[in-house]
Amino acid sequence: MNDAKNKGSVTIVLFSGEMDKAIAAFVIATAAASMAMQVNIFFTFWGLKAIRKEGGLIKGQNWMQKMLNVMNYGHAKKLALSKLNMMGMGPMMLKTMMSQKKVPSLREFIKTAHSLGVKFYPCEMSMTVMGLKKEDFIDECGDVIGAVSYLAKAKDSNINLFI
Amino acid sequence: MDFEIDRTLDARGLSCPMPAVKTALAFEEMGIGEVIEVLTDDPVSKKDLPVWAEATGNKLLGIKEEEKTIKIYLRKA
Chain B
19 MNDAKNKGSV TIVLFSGEMD KAIAAFVIAT AAASMAMQVN IFFTFWGLKA
69 IRKEGGLIKG QNWMQKMLNV MNYGHAKKLA LSKLNMMGMG PMMLKTMMSQ
119 KKVPSLREFI KTAHSLGVKF YPCEMSMTVM GLKKEDFIDE CGDVIGAVSY
169 LAKAKDSNIN LFI
Chain V
243 MDFEIDRTLD ARGLSCPMPA VKTALAFEEM GIGEVIEVLT DDPVSKKDLP
293 VWAEATGNKL LGIKEEEKTI KIYLRKA
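So the sequence lines, in the order shown, correspond to chains B and V.
Here the numbering used here is used: the first residue of the first sequence is 19, the next is one more, and so on.
Here the numbering used here is used: the first residue of the second sequence is 243, the next is one more, and so on.
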């Protein structure tokens, strides 16, 4: 979308690692991108799970990071719900209900967003704390950035959301 | 109707925001002045696609409803 500059821009911080919240972020992101807006998503802390690659359970440099990454394991296809998780039954039922209504899955949303030019930025600081590297994230990811770079983008955006 | 349809997008069965997303993707391949007919059964699209057209500077030519299918005509500006 070349004329993005005239159509405004949206910057979303995805802090939460739950499927429902990630889908909310991607619905807004893809809708905004369809309106030719420039869209940036800054993935931080638990939100990094949405763009983690599948597999590779044990990550990190020390035992605490390794434990955190095992306990916190997840990727776009494996995320809990913020409510009614019911030990994994909630996400399973919601996925079925969504596919019945032809709502794309989170993975499909990520692909669509990427093809529309939505930019994905993992948070450098969260990655350092958790012991994660750029290669632990899906190929759609852009540069790893810090808070200042995020703020520079947020400052120039018309719409800023923290999810 | 005083326009010719250059392309039809069948977005039936898809829900928000996919009809707008698919329309945007179709518009990228279309030339200026071309008309698209979007078929949808999503009632939200009836409200959202005119807003989409306005926000993106394209033109809404009309909306027709036939039973469950809503037909939305848009011209690329």
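Backbone N, C-alpha and C fix where the C-beta goes; we use that ideal spot for every residue, glycine too.
Remember, it's a predicted structure, so these values are computed and weren't measured experimentally.
Chain V contact for residue i (CB, 8 Å cutoff)
i: B/T130; result: yes
i: B/M115; result: no
i: B/V57; result: no
i: B/S52; result: yes
Nearest-angstrom beta carbon gap, residue j and residue i [assumed within contact, 8 Å]
i: B/G26; j: B/K77; result: Incorrect: roughly 37 Å between the Cβ atoms, too far for contact.
i: B/A51; j: B/G135; result: 6 Å
With 16 other Cβ atoms within 10 Å as the buried cut-off, status of residue i
i: B/S117; result: exposed
i: B/T29; result: buried
i: B/V45; result: buried
i: V/E279; result: buried
i: B/K23; result: Confidence is the limiting factor: at B/K23 the pLDDT is only 48, short of 50, which leaves the residue's position unreliable and the question unanswerable from this model.
i: B/D38; result: buried
i: B/D157; result: exposed
i: B/W64; result: buried
i: B/E36; result: buried
i: B/L102; result: exposed
i: B/I41; result: buried
i: V/P405; result: Here chain V covers residues 243 to 319 and nothing more, so residue 405 of chain V does not appear.
Residue-chain proximity (residue i, chain B), Cβ-Cβ < 8 Å
i: V/V286; result: no
i: V/P292; result: no
i: V/A319; result: no
i: V/T282; result: no
i: V/T298; result: yes
i: V/R249; result: no
Own chain, CB closer than 7 Å to residue i, minus 5 neighbours either side, in chain order
i: B/A170; result: none
i: V/E296; result: none
Contact set between residue i and chain V, taken where Cβ atoms lie within less than 8 Å
i: B/V45; result: C258, P259
Cross-chain neighbours of residue i in chain V, by beta carbon under 7 Å
i: B/M89; result: Going along chain V, no residue has its Cβ under 7 Å from B/M89, so there is no contact; the nearest lies around 34 Å.
i: B/T48; result: P259, V263
i: B/V121; result: S257
Proximal residues of chain V, C-beta to C-beta of residue i below 9 Å
i: B/L134; result: V263, A266, L267
Neighbouring residues, chain B, relative to residue i (Cβ below 9 Å)
i: V/G304; result: Ordered by position in chain B, no residue passes the 9 Å Cβ test against V/G304, which lies about 21 Å from the chain.
Cβ-based neighbour list, residue i, same chain, cut-off 8 Å, excluding 5 preceding and 5 following
i: B/K84; result: I76, K77, G78, G149
Cβ neighbours of residue i in the same chain (closer than 6 Å, five flanking residues each side left out)
i: V/I247; result: V277, E279
C-beta neighbour in chain C for residue i, strict 8 Å
i: B/I41; result: Absence of chain C from the displayed structure is noted, the protein chains being B and V.
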